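From first to last, the protein sequence lines are chains A and B.
Take 182 as the starting number for the first sequence in the working numbering and just add one per residue.
Take 182 as the starting number for the second sequence in the working numbering and just add one per residue.
Using N, Cα and C, we set each Cβ at its ideal position, and we do this for glycine too.
Note that this is a predicted model, so its numbers are computed, not measured.
Structure record follows, encoded as structure tokens.
Number of protein chains: 2
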Amino acid sequence: MVFTMTTTSPQGRTELLRPDGSPVRVLVVDDELSITELLSMALRYEGWQIRSAGDGTGAVQTAREFRPDAVVLDMMLPDMDGLTVLGRLRRELPDVPVLFLTAKDAVEDRIAGLTAGGDDYVTKPFSLEEVVARLRGLIRRSGAADRRSDSVLVVGDLTLDEDSHEVSRAGQNIHLTATEFELLRFLMRNPRRVLSKAQILDRVWSYDFGGQANVVELYISYLRRKIDAGREPMIHTRRGAGYLIKPAAS
Amino acid sequence: MVFTMTTTSPQGRTELLRPDGSPVRVLVVDDELSITELLSMALRYEGWQIRSAGDGTGAVQTAREFRPDAVVLDMMLPDMDGLTVLGRLRRELPDVPVLFLTAKDAVEDRIAGLTAGGDDYVTKPFSLEEVVARLRGLIRRSGAADRRSDSVLVVGDLTLDEDSHEVSRAGQNIHLTATEFELLRFLMRNPRRVLSKAQILDRVWSYDFGGQANVVELYISYLRRKIDAGREPMIHTRRGAGYLIKPAAS
DNA sequence: TGTGTTTCTCAGGAAAATCACAGACTCTCG
DNA sequence: CGAGAGTCTGTGATTTTCCTGAGAAACACA
């Protein structure tokens with residue numbers, strides 16, 4: 182199946198769509214209700230159609246009739262082992278890409294083998310930006326193998342490659358840490374839009390982050406040093422509202 | 182569901198309507214009667230249909246039969262926790278956007294993930310303009326997938342973008358503070374209409390504002406300096422009645 | 001285990017925004 | 001024309017918000 186990119190989302194964000202224009206379908210499988218709720222909410226906000234299941238049996242059943250374009254699958258389910266679920270899912274939907282959720286300390290080699298087949302994984306606790314980004318990648322790759330350019334975000338003379346994690350401004354390469362990268366990606370996926378600190382925190386930091394809200398200020402400060410250093414600033418503060426990024430010229 | 186914008190309100194204000202032309206429905210949930218009263222009045226004034234509830238149980242019940250397009254939900258309810266109410270509401274109305282009310286000093290008590298799902302929140306004490314603006318945003322985004330221009334208000338050569346918080350006159354960018362921005366938004370949402378100082382105070386300032394009424398004069402003065410500076414004035418005083426904004430030519 | 005990197009807390013200081021106050025101004029009406 | 005009510009705006013105190021340096025803790029990797 183081939184997915185297309187359009188810019189018809191509510192905020193003018195680029196959005197993944199199926200060839201017939203219908204929304205992408207994603208199945209979320211996790212036994213913790215708070216996680217499926219959180220993911221459903223966030224993924225729905227991406228414009229996707231979401232179904233969720235709380236165990237392996239339900240997952241297979243739902244997959245059969247929902248025919249999702251991608252699956253988010255917790256490896257730790259009450260009724261059956263993650264690999265078993267995967268096997269049964271594959272019987273239903275041979276080509277659907279799977280994003281695994283695993284505990285941080287879980288053995289990684291088993292996962293490593295699985296992701297070789299074009300799947301991917303993120304560790305709990307995750308950030309929503311991370312899950313969304315990986316899912317977008319999976320879906321894009323499963324459908325259109327030749328659409329590599331879509332993984333590059335561009336705002337003014339600033340570019341960010343979601344695949345290679347490379348960032349550059351005016352042709353000059355810039356090294357960012359993981360958190361800086363995710364923050365910048367979130368900003369660049371919503372150019373010219375004021376994003377509140379709460380929105381940023383909810384989106385870029387893990388769902389269990391319990392710290393001070395001023396990490397956002399701190400990381401904005403880091404980004405500015407690297408992105409705007411000496412140049413015309415692209416990251417702007419809207420006092421009392423939030424931050425936004427936009428091309429330097431304007 | 183798709184909402185449409187029309188300009189059929191009594192005062193020529195743009196108004197949100199459901200596809201069949203019926204008014205938008207909003208459920209307000211708060212245990213303080215004064216708050217539900219205040220909100221109901223203000224939201225009704227927007228042309229919306231309002232129901233209110235004083236606790237979680239009532240909220241879920243009302244939601245079931247009222248089928249609102251959006252919910253305003255106090256996080257602090259007598260009978261159950263805000264997140265519990267959210268869960269039950271979601272069971273009834275999976276896609277309805279929620280605007281949370283939270284106490285300012287309940288220091289960001291883990292509103293985790295809420296804004297990521299497309300929901301939003303405001304802190305008490307709020308201003309009515311703020312609540313209305315956020316609700317409009319939520320409703321617009323939940324319903325109409327492809328409408329971006331709606332977030333821009335235009336009066337004459339003056340434009341105000343609610344997404345980017347950008348204001349410009351005759352193409353020239355103008356920086357406004359948060360309060361100035363809200364005041365101008367209120368004026369521009371009611372063009373050619375005289376708004377009394379009391380009305381402005383009630384709408385733009387928080388409901389617990391205890392200061393001098395002449396802040397309004399002060400902020401009108403600020404706005405004039407930035408908006409009308411040297412140009413044909415758009416902000417006019419009606420002595421003894423209030424202020425109004427209208428296109429320069431006329 | 002040690003070293004360099006990354007993440008985050010804390011706190012001081014800078015900057016900006018808000019607002020009270022008061023005097024200047026202006027309009028209206030007798 | 002003059003008085004008074006209503007409006008405008010300069011000044012500065014107070015509060016809020018934001019920025020960033022310093023260092024502690026967690027982590028990654030050899």
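Check whether chain B comes within 9 Å of residue i, counting only Cβ atoms and requiring the distance to be less than that.
i: R328 (chain A); result: Legend: pLDDT at R328 (chain A) = 49, less than 50; position of this residue unreliable, value from coordinates given subsequently. Answer no: the Cβ-Cβ gap between R328 (chain A) and chain B never drops below 9 Å.
i: D383 (chain A); result: yes
i: K427 (chain A); result: yes
i: E398 (chain A); result: no
i: A325 (chain A); result: Any reading at A325 (chain A) needs caution, since the residue's pLDDT is 35, under 50, leaving its predicted position unreliable; the model's value is listed next. Not closer than 9 Å to any Cβ of chain B, the Cβ of A325 (chain A) fails to qualify, so no.
i: R467 (chain A); result: This structure leaves residue 467 (chain A) out entirely; chain A is present only between 182 and 431.
i: S377 (chain A); result: yes
i: Q353 (chain A); result: no
i: Q380 (chain A); result: yes
Under 9 Å, do residue i and residue j count as touching if we go by C-beta distance?
i: L309 (chain B); j: D383 (chain B); result: yes
i: G337 (chain A); j: A234 (chain A); result: no
i: P269 (chain B); j: A351 (chain B); result: Rather than Pro, the amino acid found at residue 269 (chain B) in this sequence is Arg. No.
i: E361 (chain A); j: K427 (chain A); result: no
i: D255 (chain A); j: V210 (chain A); result: yes
i: Q380 (chain A); j: G423 (chain A); result: yes
i: T442 (chain B); j: G237 (chain B); result: The question about residue 442 (chain B) has no answer, for chain B in this structure spans 182 to 431.
i: L399 (chain B); j: M369 (chain B); result: no
i: L280 (chain B); j: A251 (chain B); result: yes
i: V375 (chain A); j: R405 (chain A); result: no
i: D331 (chain A); j: L258 (chain A); result: no
i: V158 (chain B); j: V253 (chain B); result: Only positions 182 to 431 of chain B appear in this structure, which leaves residue 158 (chain B) out of reach.
i: V313 (chain A); j: E227 (chain A); result: yes
i: D301 (chain A); j: R321 (chain A); result: no
i: P275 (chain A); j: S323 (chain A); result: no
i: M222 (chain A); j: A284 (chain B); result: no
Quick one: give me the first and last residue of the alpha helix (DSSP H) that residue i is part of.
i: Q393 (chain A); result: Q393 (chain A) -> no alpha helix (DSSP H), and no H or E assigned at all.
i: V313 (chain B); result: L309 to G324
i: T360 (chain B); result: A359 to R370
i: A240 (chain B); result: G237 to F247
Give the DSSP bridge partners of residue i, in chain order.
i: Q353 (chain B); result: B:R350
i: L376 (chain A); result: A:Y424
i: A284 (chain B); result: B:K305
i: S387 (chain A); result: A:S308
i: L404 (chain B); result: DSSP, once it has assigned bridges, lists no residue as partnering L404 (chain B).
i: M222 (chain B); result: DSSP lists no partner for M222 (chain B).
i: R206 (chain A); result: A:Q230
i: V397 (chain A); result: Beta-bridge pairing links V397 (chain A) to no other residue.
Looking at chain A, is there any beta carbon in it that lies within less than 9 Å of the beta carbon of residue i?
i: R271 (chain B); result: yes
i: T188 (chain B); result: Residue confidence is low: T188 (chain B) scores 42 on pLDDT, short of 50, so the model does not pin down where it sits. No coordinate-derived value is stated.
i: D262 (chain B); result: no
i: G268 (chain B); result: yes
i: D338 (chain B); result: no
i: S387 (chain B); result: no
i: S203 (chain B); result: no
i: D276 (chain B); result: yes
i: D255 (chain B); result: no
i: D344 (chain B); result: yes
i: E347 (chain B); result: yes
Locate the beta strand (DSSP E) running through residue i, then write down its first and last residues.
i: S233 (chain A); result: Q230 to A234
i: G423 (chain B); result: G423 to I426
i: R419 (chain B); result: I416 to R419
i: V277 (chain B); result: Unbroken run through V277 (chain B): none, as it is neither H nor E.
i: Y302 (chain A); result: D301 to K305
i: D342 (chain A); result: L339 to D342
i: A251 (chain B); result: A251 to D255
i: L258 (chain B); result: Element bounds for L258 (chain B): n/a, residue is neither H nor E.
i: L334 (chain A); result: V333 to V336
Contact residues within the stretch 294-309 of chain B, judged by C-beta distance below 8 Å to chain A: Close to chain A, meaning a Cβ-Cβ distance shorter than 8 Å, are the following residues of the stretch 294-309 of chain B: G294, L295, T296, A297, G298, G299, D300 and Y302.
Please identify, using Cβ separations under 9 Å, the residues of the stretch 358-371 of chain B that lie next to chain A, in order along the chain. T358, A359, T360 and F362
Residues in the stretch 205-236 of chain B having any Cβ partner in chain A nearer than 8 Å: none
Selection of the stretch 392-426 of chain A by Cβ proximity to chain B, strictly under 9 Å: A394, R419, R420, G421, A422, G423 and L425
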